[in-house]
RNA sequence: GCGAAAGUGGCGGAAUUGGUAGACGCGCGAGGUUUAGGACCUCGUGGGGUGCUCCCCCGUGCGGGUUCGAGUCCCGCCUUUCGCACCA
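Residue numbers (my numbering): 159 to 1062.
Here it is in structure tokens:
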């Protein structure tokens, strides 16, 4: 028999909520019980991609957290907006289409139906009338509209960009979707080929995206990751002339302009446009070969060769603007074409990479910064390494004596200056001479915003025969995807849409001239960049969102989602939001005020022993790394061991049968291949949705990575069963409406009030801080006490049910009804804490002697210090420890502790 | 390599500003109840001690330090997890 009739209860109340539209959020806030309008509170989950495999237990973690907050806020008089939708464009549906011929729309609809059914079983208080779907033309009409805004503002442009092309997927991929030269999805090999692409100028917003981070209530680590991603770096640009080619200039970016005198060579990225111009005939062969090989390497392969820097001399030379020195120009792939200017001045004495390179190719190393305190030492003949600290004194940096031929009228001297002063002086000098200027660069690059896919938003763009773009007029939106039945076009190296001439070929609505539709589509990020706005006003066919409503609800008060979106989604959405702000569409500069990442839920803990592949001999776990015995390099095989066969020995687990063999004990990420995936449907079947919700919150802190344990679900299930019996008594069926006969109309005792109000205090504080695990512990403690009472005053039971309701809403509704209420408790006010009930008449205090607890005493809460100390001294065990010794000091912390410090 | 977070019983985890370490739950043990139970109820449960209504010692990754008192603060290590990867 189940602990309580959860299946009936959950079904009953889910139906009730649906029928009564309990969680439908009106556009105008309602008036609270006290007559004031409810204050808006917007609590949002990152909406899911409805994958074919359905919900996994990770989804309800964040969703339960937001649901608790939503339900709690409603009870506290807020008008809560708590919506859900589908981020439904995406590669898997398209790949499935290629394989089976099923239209992605069909797959997507089915998956959404599954997801929705699964989510509804969990009893989340979403306003389903606001459900949105990014693949719905009524939705993506506005995604296209926003793209037009970007285009109008000059933030969308076309470029020939070398992009990752994946033959297997028949599509291009963004840098971040390619790992190790292979696609993130599926692990197919990829290569870089140039293609016409749409780019968004997110770099124009770099500074504002950086500034905006200051006022957000976000995890520090996420803010830091965004800062690093934007990667602001301040320094200077310096122009170097090319010897023998007065018309050319090589511009470099450096954060260390003070070391300009130490530049003994230059390096261009292999892709740099000047490479061919500076290369001499003698070096042409070697240079071409190097460039060719660099192109084949992925960025990761380049970075893998960390300590083996390679390069080739071009034969050309540049002229250092500060002293006219002729320095060789090399190319090397450790210089990235995409960062700074794609060229560097190499200062081997003060940069580790340049140092390693100079050593390898025997290029001069000139020290120009001396570490503090070493100012007078001679320059070492053969320095050991680069001195990279940004403090010290400049040396060997004097060109004041001469005007530099064709470059400068007046030389400059940095000797004797500190790094900071030297930087200021040299930049000012370069600026005066027209040879350089202060500059700031960002790591952030423009956003590659087009994909060669079918299943994405079409661009509202027409192209003439020269590929010159013309926006589709606003009134003609949406540009819908064509109905197709063949995917043969995929894999041809073009977008699938390319193969549909009846869709592609169109005319200019103004002039009637023949035009082609843009056949690229938008990336999956597009729809998720603004969905939080659409929830506010999902049916609006005039605008993406009504300005009045937007003002009422924005910004999102609480946004919960995985930390895997710490950079990309959250940065892209912030970027669009700022553009929409500039366009007057939204009133806030930032979309998400408070952000929380839920931690990953791992599979059950597993014990693994290792056997040698060769002869099956046991290999102790500490020797195994990377699937090999690290002592011999022999491959090993992992074998799962049942819990009963292992025991703990010191810090690690060993086989009971062979205590010398250590066993690996850890939880792994849930994955199909590992077979450790827990399906929420199964858990609901066995324990109910309330138990699943409660367990996911009870596992530990929301933000933390936690291993799943099905045994532990039984614990929270028992708790719910006890709560059921406390109020419903021995009722076994939902239809009997029974109530425990221990519930009375009596006035609560002061003890009962104290226990209740302790729970009110803890649960309230903990929900406010999103500490749901300890909130549940407090509810359990209350229940433990309440069950020992002979009679339970109805008023106390009611407050307990209200406290329980955000966590286990179905059970709480049922108990609420049995306590004599009709209708939902969703808007019943949250129990109010009355401090006076918390006061205890006596308090227990620990008494220490020299910091070690020797006894406890019960004293009157209002007792004076003297009385407490006297009682403490009188405590038998304490007296034993202080007798015959001098008490040197008495520490008294009211209500907490007494400590006697005695001599020996 | 760089950066961030975290190391507490057999396990998940508690512990406001430094103030009785191990709340709450799982597991385990004992007992009760029941035709039976993977149900329910009660009690116990960090380790050790010739101690078992008492008391003592040890104990929050390791080594130091500050303090009457440290899981908590400081210094130095170790380990794990998660990010980032030649950013000039």
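Just so you know, even glycine gets a beta-carbon here, dropped at the ideal spot from N, CA and C.
Check	Outcome
Since residue 180 and residue 201 are thought to touch, with beta carbons under 8 Å apart, how far apart are those beta carbons, to the nearest angstrom?	Actually they are not in contact, since the Cβ atoms of residue 180 and residue 201 sit about 16 Å apart, beyond 8 Å.
Runs of 4 residues minimum, wholly inside the region 924 to 1008: which ones carry the alpha helix (DSSP H) assignment?	930 to 944, 952 to 962 and 967 to 976
Quick check: the Cα distance between residue 1069 and residue 659, rounded to an integer number of angstroms?	Because the chain spans 159 through 1062 in this model, residue 1069 falls outside it and cannot be assessed.
Between the Cα of residue 665 and those of 956, 696, 680 and 623, spot the shortest distance and give me the residue it belongs to.	623
Which runs of the beta strand (DSSP E) at least 3 residues long sit entirely within the region 569 to 605? Give them in chain order.	594 to 599
For residue 1089, is the classification buried or exposed, using 16 other Cβ atoms within 10 angstroms of its Cβ as the cut-off for buried?	Since the first and last residues shown for the chain are 159 and 1062, residue 1089 lies out of range.
Using DSSP bridges, identify the partner residues of residue 621.	627 and 674
Under 8 Å between the Cβ atoms of residue 408 and residue 504?	no
Who are the Cβ neighbours of residue 352 in its own chain at under 6 Å, not counting the five residues just before and after it?	318 and 320
The beta strand (DSSP E) that contains residue 471, what's its start and end?	469 to 477
Assuming contact is defined by CB atoms lying nearer than 8 Å, are residue 112 and residue 580 in contact in what I supplied?	Residue 112 lies beyond the residue range present for the chain, which begins at 159 and ends at 1062; the question has no answer from this structure.
Let me know the secondary structure DSSP gives residue 868 once reduced to three states.	helix
Leaving out the 5 sequence neighbours to the left and right, which residues in its chain are closer than 6 Å to residue 164 when beta-carbon positions are compared?	846
On the three-pair Cβ rule with 8 Å, is the region 794 to 809 touching the region 857 to 876?	no
Can you tell me whether residue 790 is buried or exposed, with buried defined as 16 or more other CB within 10 angstroms of its CB?	exposed
Is residue 301 closer than 8 Å to residue 246 when the C-beta atoms are compared?	no
Looking at the unbroken alpha helix (DSSP H) that takes in residue 826, where does it start and where does it end?	Element bounds for residue 826: not the alpha helix (DSSP H) but the beta strand (DSSP E), 820 to 827.
Keeping to the same chain, check which residues put their C-beta closer than 6 Å to that of residue 159; ignore five residues upstream and five downstream.	Low per-residue confidence applies at residue 159: pLDDT is 45, beneath 50, and the placement is therefore not dependable, though the value from the model is reported in the following sentence. Taken in chain order, the list of residues that qualify is empty.
Would residue 411 and residue 499 qualify as a contact pair, given that the criterion is a beta-carbon distance under 8 Å?	yes
For residue 215, count neighbouring C-beta atoms within 10 Å of its own C-beta (all shown protein chains included) and say buried if the count is 16 or more, exposed if not.	buried
Rounding to the nearest angstrom, what Cα-Cα distance links residue 400 and residue 585 in this structure?	21 Å
Per the contact definition of three or more C-beta pairs closer than 8 Å, is the region 956 to 971 in contact with the region 1018 to 1033?	no
Per DSSP, residue 369 is paired with what?	DSSP, once it has assigned bridges, lists no residue as partnering residue 369.
Please report the distance separating the alpha-carbon of residue 197 from that of residue 1013.	51 Å
What are the complete beta strand (DSSP E) segments, minimum 3 residues, inside the region 474 to 505?	484 to 490 and 501 to 504
Taking the straight line between their C-alpha atoms, what separation do you get for residue 589 and residue 395?	10 Å
Assuming residue 358 and residue 604 form a contact by the criterion Cβ under 8 Å, report the distance between their Cβ atoms to the nearest whole angstrom.	6 Å
Would residue 807 be called buried (16 or more neighbouring beta carbons within 10 Å of its own) or exposed?	exposed
Closer than 8 Å is the cut-off here; do at least three beta carbon pairs connect the region 744 to 761 with the region 707 to 717?	yes
Cutting at 8 Å between CB atoms, please list the residues of its own chain near residue 611, excluding the five before and the five after it.	249, 252, 329, 653, 654 and 679
What are the boundary residues of the beta strand (DSSP E) that residue 767 is part of?	759 to 770
Could you give the residue range of the beta strand (DSSP E) that holds residue 408?	403 to 412
With a 10 Å radius around its C-beta and 16 neighbouring C-beta atoms as the bar for buried, classify residue 785 as buried or exposed.	exposed
Quick one: residues in its chain with C-beta nearer than 6 Å to the C-beta of residue 900, no 5 flanking neighbours on either side, listed in chain order?	949 and 950
Can you give me the C-alpha to C-alpha distance between residue 704 and residue 735, rounded to a whole angstrom?	15 Å
Please work out which residues of its chain come closer than 6 Å, Cβ to Cβ, to residue 444, disregarding the five sequence neighbours upstream and downstream, and give them in chain order.	470
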